[in-house]
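*Asks:* Residue numbers (the working numbering), protein chains in the order written: chain A, 40 to 219; chain B, 40 to 219.
Using N, Cα and C, we set each Cβ at its ideal position, and we do this for glycine too.
(1) With 8 Å set as the bound, which would you pick, yes or no: does the beta-carbon of residue 215/B sit closer than that to a beta-carbon of chain A?
(2) Looking at chain B, is there any beta carbon in it that lies within less than 8 Å of the beta carbon of residue 76/A?
(3) Between which two residues does the alpha helix (DSSP H) holding residue 202/A run?
(4) Under a Cβ-count criterion, where at least 16 other Cβ atoms within 10 Å of its own Cβ denotes burial, should residue 48/B be classed as buried or exposed?
(5) Taking residue 137/B as the reference, give the member of 144/B, 143/B, 128/B and 145/B with the closest Cα.
(6) Taking 8 Å as the cut-off, decide whether the C-beta atoms of residue 53/B and residue 53/A are in contact.
(7) So which residues on chain A does residue 67/B lean against when the C-beta distance must stay under 7 Å?
(8) Which one or two residues does DSSP pair with residue 51/B in a beta bridge?
(9) Select from the segment 85-103 of chain B all residues with a C-beta closer than 8 Å to any C-beta belonging to chain A, and list them in chain order.
(10) When DSSP builds the beta bridges, which residues end up paired with residue 76/A?
(11) Could you check how far apart the C-beta atoms of residue 212/B and residue 208/A are, in whole angstroms? I think they sit under 8 Å.
(12) Does the beta carbon of residue 199/B come closer than 8 Å to any beta carbon on chain A?
(13) Do you know offhand how far residue 46/B's Cα is from residue 108/B's?
(14) Can you tell me where the alpha helix (DSSP H) holding residue 121/A begins and where it ends?
(15) Would you grab the beta carbon distance between residue 61/B and residue 51/B for me? Rounded to a whole angstrom, and I think it's under 8 Å.
(16) Around the Cβ of residue 197/A, are there at least 16 other Cβ atoms within 10 angstroms (buried) or fewer (exposed)?
(17) Shortest alpha-carbon distance to residue 150/B belongs to which of 79/B, 179/B and 134/B?
(18) So is residue 145/A in contact with chain B if we call contact Cβ pairs under 8 Å?
(19) For the ligand FAD, any of its heavy atoms closer than 7 Å to the Cβ of residue 159/B?
(20) With a threshold of 8 Å between beta carbons, is residue 151/B in contact with chain A?
(21) Run through the DSSP bridge pairs and tell me what residue 154/A is partnered with.
(22) With a threshold of 8 Å between beta carbons, is residue 186/B in contact with chain A?
(23) Relative to the C-alpha of residue 148/A, which residue among 166/B, 103/B and 91/B is closest?
(24) Could you name each continuous beta strand (DSSP E) segment of 3 residues or more that falls completely within the segment 152-191 of chain B, going from the start of the chain to the end?
(25) I want to verify the contact list: residues of chain A whose CB lies under 7 Å from the CB of residue 219/B, in sequence order.
(26) With respect to the beta strand (DSSP E) encompassing residue 139/A, which residues constitute its N-terminal and C-terminal limits?
(27) Does any residue of chain A bring its CB to less than 8 Å from the CB of residue 183/B?
(28) Looking at C-alpha atoms only, which residue of 157/B, 171/B, 214/B and 167/B is the closest neighbour of residue 135/B?
(29) Pairs of beta-carbons, one from the segment 160-170 of chain B and one from the segment 109-128 of chain A, closer than 8 Å: are there three or more?
(30) Taking 8 Å as the cut-off, decide whether the C-beta atoms of residue 202/B and residue 201/A are in contact.
(31) Counting only the same chain and skipping the five closest in sequence on each side, list residues whose C-beta sits under 6 Å from that of residue 38/B.
(32) Have a look at residue 190/A and residue 68/A and give me their C-alpha separation to the nearest angstrom.
(33) Taking C-beta pairs closer than 7 Å, name the residues in chain B that residue 204/A reaches, listed in chain order.
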C-alpha cells in the first residue's frame, strides 16, 4: 500500500490565462511536513492523423523550449469542452483536415511530478483535406512524413516532443502488427 | 520558415525549490503582442531497466495527479549534475539496482507548450540488485512486469505517465525487432 500525501494547507501563487500555480503543504509518511509545487493545467488533446499513409505534423515555435518543434496537432481543452470536440477543432485549425472518426486511444499525464496536465490522445480516421484556420496568436506549418522516417527522427533527436513520440510509437506498433 | 517569437519583456512570478514561473510578453507574427506563461524546470531523467526480462517500475503518490502512479524510475537533475549521474543515482535510490551501463536513448520535452522540462531517457544494462535508498520525502514501492503486460496496461489506462509510456514503447519495439 503506497502512502497518500494529505494536504495540510495550500497556497495560491499565480492564476494565469492557461496555468495556475499553488504550493501544498503535505504530511509525509514519517509524520513530518513537506511542500509540493503544483502547476494546474486544464489538459490538452493530441491527434495521430494519417493522410495518404503519412503522418500529419506541425512545426511550431515553442517559447518554453526557445525553438521550433515538430509535433502532432494538439491543443488546450477550453472550459467545458469535451476532449473529442477539442481534437476535431484543433485538427481543423492547425492542418485543415476533418476526420470522419476521432478515436480515443488513451490519456496520460505529461509530467505528473509537478503538473496536473492530462493529454487525451486520439487517432483521426477518414481524413478530408481543407483550409487551416490558425489561431491569431499561433503560427504553425504543416508537414507530413512516413512512419519509418519518424521513428528514425526520434532516434536522431529530431523529434523531441513527448506526446509526439508517444503517438509515433503507437502508429508504428499498429503498422508492425498490420492493424493500420 | 516558421516564425520565432521575440521576447519583448519578461516578468518573474515565482521561484520555488523545483520550478520557476515567468510570463513573457512576445511579438506575434502580425506585429502584435501576446503573452506566454512559462514554467522553468531543471529537467529530469527516466530509466528503462529490465531485470530477469521484466521491466522495473515504481508506485508513487503524485500530488499533482492526486493518485498513485506506476512509473519507471525517474528524478530531477540536481544543479550541476550530469544526467547520466542522476540516472545512476535515482535508479539506486528508488529500486536498489545498480547498472553496469547507462545508455542514453534520447531526450524529449514533457510539455513544451508551457514547460521547459526536458527528460533524458536512459536504458540501464547489466543490473545488479541491492538495497533501495529512498529520499526522506518520498515513498516508492518497486514492482516488475513483463513487456507484453505493460503494453496492455497502457491500452487499459492503468499506466498513465507519459515518460513511462514512451519507455515501454521503446522496449517493446526493441523486443519486436529482436534487439533486446
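*Replies:* Taking the structure as given:
(1) For the purposes of this step, residue 215/B is taken as residue 176 along the second chain, with counting starting at 1. Residue 215/B counts as touching chain A.
(2) Within the first chain, residue 76/A is the residue found at index 37, counting from 1. It does: the Cβ of residue 76/A has a partner Cβ on chain B nearer than 8 Å.
(3) Numbered from its first residue, the first chain carries residue 202/A at position 163. Residue 202/A -> alpha helix (DSSP H) spans 201-215.
(4) One-based indexing of the second chain puts residue 48/B at position 9. Classification for residue 48/B: exposed.
(5) For the purposes of this step, residue 137/B is identified with residue 98 of the second chain, where counting begins at 1. From the listed residues 144/B, 143/B, 128/B and 145/B, the smallest Cα separation to residue 137/B is found for 128/B.
(6) In the second chain, the residue the question calls residue 53/B occupies position 14. In the first chain, the residue the question calls residue 53/A occupies position 14. With contacts defined as CB atoms closer than 8 Å, residue 53/B and residue 53/A qualify as a contacting pair.
(7) Working through the second chain from its first residue, we reach residue 67/B at position 28. Correct list: 176.
(8) Start at 1 with the first residue of the second chain, and residue 51/B comes out as number 12. The partner list for residue 51/B (beta bridge, DSSP) reads 61/B.
(9) Interface annotation for the segment 85-103 of chain B against chain A: 98, 99, 100, 101, 102 and 103, criterion Cβ-Cβ distance under 8 Å.
(10) Here residue 76/A refers to the residue found at position 37 when the first chain is read from its first residue. Answer by DSSP bridge pairing, in chain order: 62/A.
(11) By 1-based counting over the second chain, the position of residue 212/B is 173. By 1-based counting over the first chain, the position of residue 208/A is 169. Indeed they touch by this definition, with Cβ atoms about 7 Å apart.
(12) Translated into the one-based positions of the second chain, residue 199/B becomes position 160. Taking CB atoms only, residue 199/B has a neighbour in chain A less than 8 Å away.
(13) Position 7 of the second chain, counted from the first residue, corresponds to residue 46/B. Position 69 of the second chain, counted from the first residue, corresponds to residue 108/B. It is roughly 37 Å from the alpha-carbon of residue 46/B to the alpha-carbon of residue 108/B.
(14) Your numbering for residue 121/A matches position 82 in the first chain. No alpha helix (DSSP H) holds residue 121/A; DSSP gives it neither H nor E.
(15) Translated into the one-based positions of the second chain, residue 61/B becomes position 22. Translated into the one-based positions of the second chain, residue 51/B becomes position 12. The Cβ separation is near 5 Å, so the contact holds.
(16) Mapped onto the first chain, residue 197/A falls at position 158. Exposed, by the Cβ-count rule.
(17) Working through the second chain from its first residue, we reach residue 150/B at position 111. Ranking the options by Cα distance to residue 150/B, first place goes to 79/B.
(18) Against the first chain, residue 145/A aligns to sequence position 106. Answer yes: the Cβ-Cβ gap between residue 145/A and chain B drops below 8 Å somewhere.
(19) In terms of ligand content, the structure shown is empty, and the ligand FAD therefore cannot be addressed.
(20) As a position in the second chain, residue 151/B is number 112, starting the count at 1. It does: the Cβ of residue 151/B has a partner Cβ on chain A nearer than 8 Å.
(21) Stepping through the first chain from its first residue, residue 154/A is reached at position 115. By DSSP's assignment, residue 154/A forms a beta bridge with 78/A.
(22) Looking up residue 186/B in the second chain gives position 147. Residue 186/B does not count as touching chain A.
(23) Position 109 of the first chain, counting from 1, holds the residue named residue 148/A. Ranking the options by Cα distance to residue 148/A, first place goes to 103/B.
(24) List check, beta strand (DSSP E) in window: 157-167 and 179-184.
(25) In the second chain, residue 219/B corresponds to position 180, counting from 1. What residue 219/B touches in chain A: nothing, since even the nearest Cβ is about 15 Å away.
(26) As a first step, residue 139/A must be located in the first chain, where it is residue number 100. Run containing residue 139/A: 137-148, per the beta strand (DSSP E) assignment.
(27) For the purposes of this step, residue 183/B is identified with residue 144 of the second chain, where counting begins at 1. Output row for residue 183/B: interface = no.
(28) Within the second chain, the letter at position 96 stands for residue 135/B. Minimum Cα distance to residue 135/B is reached at 171/B.
(29) No, because fewer than three Cβ pairs between the segment 160-170 of chain B and the segment 109-128 of chain A fall closer than 8 Å, the two stretches do not touch.
(30) Indexing the second chain from 1 puts residue 202/B at position 163. Indexing the first chain from 1 puts residue 201/A at position 162. It is a contact, given that the beta carbons lie within the stated cut-off.
(31) No answer is possible for residue 38/B: the residues shown for chain B start at 40 and end at 219.
(32) Indexing the first chain from 1 puts residue 190/A at position 151. Indexing the first chain from 1 puts residue 68/A at position 29. About 42 Å.
(33) The residue given as residue 204/A occupies position 165 in the first chain. Ordered by position in chain B, the residues that pass the 7 Å Cβ test against residue 204/A are 147 and 205.
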